[in-house]
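The sequence shown runs 299 to 549 under my numbering. Backbone N, C-alpha and C define an ideal beta-carbon position, used for all residues, glycine too. Just so you know, these numbers come straight off a predicted model, no measurement behind them.
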Amino acid sequence: MTRARLGSLVLLVALLLAWEAACRLLALPKLVLPPPSAVAVSLWHGLASGYFWPHLRTTVVELLLGAASGCAIGFAAGVALAESSSLRRLLMPYVVASQVVPKLALAPLFVLWFGFGMTSTVVITALICFFPLLENTLTALQQVPPERLELFRMLGATRAQTLWRLKLPSGLPAILAGVRVAVVLALVGAVVGEFIGASRGLGALVIATQGTMDTSLMFAVLVLIAALGMFAYQATLLLERWLLLPFTRTS
C-alpha cells in the first residue's frame, strides 16, 4: 500500500471517529444525523437480508446501459462534428441548448414518453453522458498537431486513414478522460432518474427512506451509491490503461 493510499485510509478513519464522537457527545438524534455505527448496522442488515441487492442490480444495469449508449452516441457525434465544419456550425448550438436545460426538469417528460421504469432512467443517463464524450472527442480531434496532418497529406493518406491512424490515436487520452467524467455523471443521472420515474433502484430507495424517516438506512444507501461510483471510476481507469498500453509500449 502506497503512502498516499495509507494516508487516505487514515483520514477516512479519523473522519468516521470524529463523526461518531460528535454524534455521541452532542447527543444528536439519529433522525438528524446517525452515527457511523448505526449506518454500518443498517448497511450490514440490508446486504445480509438481500434487501439492497435488487435495487443495486437495477441501478447497475441502468448505469451500464445509459453510459454505454450515451458514450457511443457522443463519440460518434464528436467524430462527425470534428470532421465536418459545416455540420458543426449547423448542429452545435442545438447540442449546447439541449445540455443547458436541467435534466431534472426533463425527467417528468421522459416518464411521460417512455413510461415509469428503467427506460426513462436509461434515457436520462445517456443524455447526461452524451455531452462530455462529444465535447472531449471534438476537442481532441481538432488539436492534432498541424505538422502531423501535413505529413499525412504529403503521404497521400485518405480522410479515413488520417482519422483512424492519426487523429484517434492522438486524441485517445482526452477521449478517455471524457469517458471517466461521463461514467461518474452517469451514476448521478441514474439516481436522479430513479428519484422521479422508478420504483426500484438506489435512487428510489433514497426516496422510500425519506418517507419512512429512516435516516440510518438513507445514509447506508448513500454509502452504496458512493461505493458504486468509485468502482465504476476505477473500472474506467483500468480500461484506459488497457487501451493506452500499446501506445506506451511503442513510445
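Check whether the Cβ atoms of A365 and V481 lie closer than 7 Å to each other.
The sequence position of residue 365 within the sequence shown is 67, counting from 1. The sequence position of residue 481 within the sequence shown is 183, counting from 1. Cβ atoms of A365 and V481: closer than 7 Å.
Taking 7 Å as the threshold (C-beta atoms), are A518 and L341 in contact?
Reading the sequence shown from its first residue, position 43 is the one you call residue 341. Reading the sequence shown from its first residue, position 220 is the one you call residue 518. A contact, by the Cβ cut-off of 7 Å.
In angstroms with no decimal places, state the Cα-to-Cα distance between W411 and T419.
To locate residue 411, count along the sequence shown from 1; it is residue 113. To locate residue 419, count along the sequence shown from 1; it is residue 121. Their Cα atoms are separated by approximately 12 Å.
Which full runs of the alpha helix (DSSP H) of 4+ residues lie inside the segment 323 to 397, going along the chain?
334 to 347 and 351 to 381
Should E448 go down as buried or exposed, given a rule of 16 or more other Cβ atoms within 10 Å for buried?
Against the sequence shown, residue 448 aligns to sequence position 150. Counting Cβ neighbours within 10 Å, E448 comes out exposed, since fewer than 16 surround it.
Best match in D512, G509, L483 and L520 for proximity to E360 [C-alpha to C-alpha]:
Within the sequence shown, numbered from 1, the residue matching residue 360 stands at position 62. The shortest Cα separation from E360 among D512, G509, L483 and L520 belongs to L483.
Straight-line CA distance for T437 to K401?
As a working mapping, residue 437 is identified with position 139 in the sequence shown. As a working mapping, residue 401 is identified with position 103 in the sequence shown. Distance between the alpha carbons of T437 and K401: 24 Å.
Considering just the uninterrupted stretch of the alpha helix (DSSP H) at L407, what are its terminal residues?
Working through the sequence shown from its first residue, we reach residue 407 at position 109. Per DSSP, the unbroken alpha helix (DSSP H) holding L407 starts and ends at K401 to F412.
Between the C-alpha atoms of F350 and C369, what's the straight-line distance to the nearest angstrom?
Reading the sequence shown from its first residue, position 52 is the one you call residue 350. Reading the sequence shown from its first residue, position 71 is the one you call residue 369. Note on geometry: alpha-carbon atoms of F350 and C369 lie some 28 Å from one another.
Between the C-alpha atoms of A403 and V486, what's the straight-line distance to the nearest angstrom?
Along the sequence shown, read from residue 1 onward, the residue named residue 403 stands at position 105. Along the sequence shown, read from residue 1 onward, the residue named residue 486 stands at position 188. Their Cα atoms are separated by approximately 14 Å.
Throw me the rounded Cβ distance for the N434 and A475 pair, which I believe falls under 8 Å.
In the sequence shown, the residue the question calls residue 434 occupies position 136. In the sequence shown, the residue the question calls residue 475 occupies position 177. About 6 Å; that satisfies the 8 Å criterion.
Name the residue from W462, A424, L439 and V421 whose alpha carbon lies nearest to the alpha carbon of S383.
One-based indexing of the sequence shown puts residue 383 at position 85. Ranking the options by Cα distance to S383, first place goes to L439.
Three-state class that DSSP yields for L453 in the structure shown
The count along the sequence shown starts at 1 and reaches residue 453 at position 155. The answer is coil: DSSP assigns L453 none of H, G, I, E or B.
Taking buried to mean at least 16 other C-beta atoms within 10 Å of its own C-beta, is G501 buried or exposed?
Translated into positions along the sequence shown, residue 501 becomes position 203. Flag for G501 reads buried.
Give the DSSP-derived three-state secondary structure of G415 in the structure shown.
Here residue 415 refers to the residue found at position 117 of the sequence shown. The answer is coil: DSSP assigns G415 none of H, G, I, E or B.
Three-state class that DSSP yields for M516 in the structure shown:
By 1-based counting over the sequence shown, the position of residue 516 is 218. Helix at M516.
How long is the line joining the alpha carbons of T507 and L520, rounded to whole angstroms?
As a first step, residue 507 must be located in the sequence shown, where it is residue number 209. As a first step, residue 520 must be located in the sequence shown, where it is residue number 222. Cα to Cα, T507 sits roughly 11 Å from L520.
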